[in-house]
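In the numbering used here, the protein residues as written are -4 to 350.
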Amino acid sequence: MATRITIMAGGTGGHVFPALAVATELAARGWQISWLGTPDSFESRVVPAHGFDLDTISAHRLRGEGVVSRLLAPLRLLNAMHQAWRVLRRRRPQVVLGMGGFVTAPGGAVTRLMRIPLVIHEQNAIPGLTNRWLAKVATRVLEAFPGSFAVSLHAQNTGNPIRAEIAALPQPQAIGERPLQLLVFGGSQGAQALNDVVPAALALLDLPVRPRVRHQAGRGRQTATRATYASHAVDAEVVEFIDDMDAAYRWADLAICRAGALTVSELMAAGLPAILVPFPFAVDDHQTVNASFLDREGACRLLQQRDMTPASLAEALSALLDDRDALHAMAMRAYGLARRDATARVADICVEVAA
-4 MATRITIMAG
6 GTGGHVFPAL
16 AVATELAARG
26 WQISWLGTPD
36 SFESRVVPAH
46 GFDLDTISAH
56 RLRGEGVVSR
66 LLAPLRLLNA
76 MHQAWRVLRR
86 RRPQVVLGMG
96 GFVTAPGGAV
106 TRLMRIPLVI
116 HEQNAIPGLT
126 NRWLAKVATR
136 VLEAFPGSFA
146 VSLHAQNTGN
156 PIRAEIAALP
166 QPQAIGERPL
176 QLLVFGGSQG
186 AQALNDVVPA
196 ALALLDLPVR
206 PRVRHQAGRG
216 RQTATRATYA
226 SHAVDAEVVE
236 FIDDMDAAYR
246 WADLAICRAG
256 ALTVSELMAA
266 GLPAILVPFP
276 FAVDDHQTVN
286 ASFLDREGAC
296 RLLQQRDMTP
306 ASLAEALSAL
316 LDDRDALHAM
326 AMRAYGLARR
336 DATARVADIC
346 VEVAA
């Protein structure tokens, strides 16, 4: 009989895609996969499309916004825990893997109450509130960045699971005499600040040094972003969403993007140097900490959104576009930081815990 695992992950691609990588790996090993998420969510669209069973519960953020939300939070948590208990009683997993999102709080709590082994994985350099709490009761604690958890928790550093096709990208090569190629993206949701500032910054560059541009604008933002490029007389390929990110990484010489955990991990695997603009409203400012990991190693340039103007971004771009050797050196440093075996390592730990 196949070993059963329930994976808890939801909300954003930063949680869902690493979890999908592990699910795919375990399915290839003959495991039976079920997924715990929330309805009308990112995972409710993506997970069934990958062939995995999805159960949903009504989970909400633990950090309530406003007095009413804070008062209702305990009742909502209890309701979500009851729903999670019903799902886990039916699925009977031999191990539960928590990869982040609202669903992991009630799901993780019930997992331990039912005495089911719990493995949690933190993708960011700073753990979220739920993982800080669950780390105290989890069977195994995994971290993508070294030192995310207290030493007393004995966390295992695994890196971030990424899609196999991205983990398999080849070592970056020296850039020839062709025009440089710039990839702009803001994660699965896009980033309006990049949509507004990047076209204006590129317009400040001399025509001979302007790169070719591919820009992921985000859902519903393609038309407006195209118009912004046109208003600055800058040529760019603007799309709503890039489905084939491994091809996009292979194409690009440089990226301008946010600093979510998945993005940072994929940049390392691809050996793609970047100007990282952390999302300024991320919980605990974790994107700045993610970006700082690469910045300390000389594998990116860190530019805070509050400091990002067309002029400051154009200056940062010019410094990189004018020195192809430095750009290649950044690429090699990023490539050397990658943990390409992260998916297999997380899967192996699930196997150990379920045994």
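C-beta atoms are modelled at their ideal positions from N, C-alpha and C, and glycine is treated no differently.
- Ranking R328, L202, A311, A196 by CA distance to the CA of V259 puts R328 first.
- Taking one beta carbon from each stretch, the region 61 to 80 and the region 98 to 112 have 3 or more pairs nearer than 8 Å; the two touch.
- Take the alpha-carbon of L298 and the one of L202: they are about 24 Å apart.
- Nearest C-alpha to A188 among A337, A162, L271: L271.
- Assignment of L175 by DSSP, reduced to helix, strand and coil, places it in the coil class.
- Note: Q78 is not bridge-paired with any residue in the DSSP secondary-structure output.
- Taking the C-beta atoms as reference points, I170 is found no nearer than 9 Å to A265.
- In the three-state reduction of the DSSP assignment, E117 falls in the strand class.
- Residue pairing by DSSP places I2 opposite W30, L92 in a beta bridge.
- One thing to note: P112 has its Cβ within 9 Å of the Cβ of R135.
- According to DSSP, D50 shares a beta bridge with L31.
- CA-CA distance, V146 to E347, rounds to 22 Å.
- Within the region 168 to 251, the complete alpha helix (DSSP H) segments of 4 residues or longer fall at 187 to 198, 217 to 226, 240 to 246, listed in chain order.
- Look at the beta carbons and you see the region 164 to 180 not touching the region 285 to 303: under three pairs across the two are nearer than 8 Å.
- The Cβ atoms of N190 and R334 lie no closer than 9 Å to each other.
- Non-local C-beta neighbours of S53 in its own chain, meaning closer than 8 Å and more than five positions away in sequence, comprise T33, P34, R71, N74, A75, Q78, ordered along the chain.
- Excluding residues up to 5 positions away in sequence, P194 lie with their Cβ nearer than 8 Å to the Cβ of S226 in the same chain.
- Taking C-alpha positions only, L315 is separated from P167 by approximately 16 Å.
- Within 10 angstroms of the beta-carbon of G331 lie fewer than 16 other beta-carbons, which makes it exposed.
- Restricting attention to I115, G215, P305, the CA atom closest to the CA of L200 is found in P305.
- Distance from the CA atom of R216 to the CA atom of Q89, rounded to whole angstroms, is 43 Å.
- The continuous alpha helix (DSSP H) containing R40 extends over residues 37 to 41.
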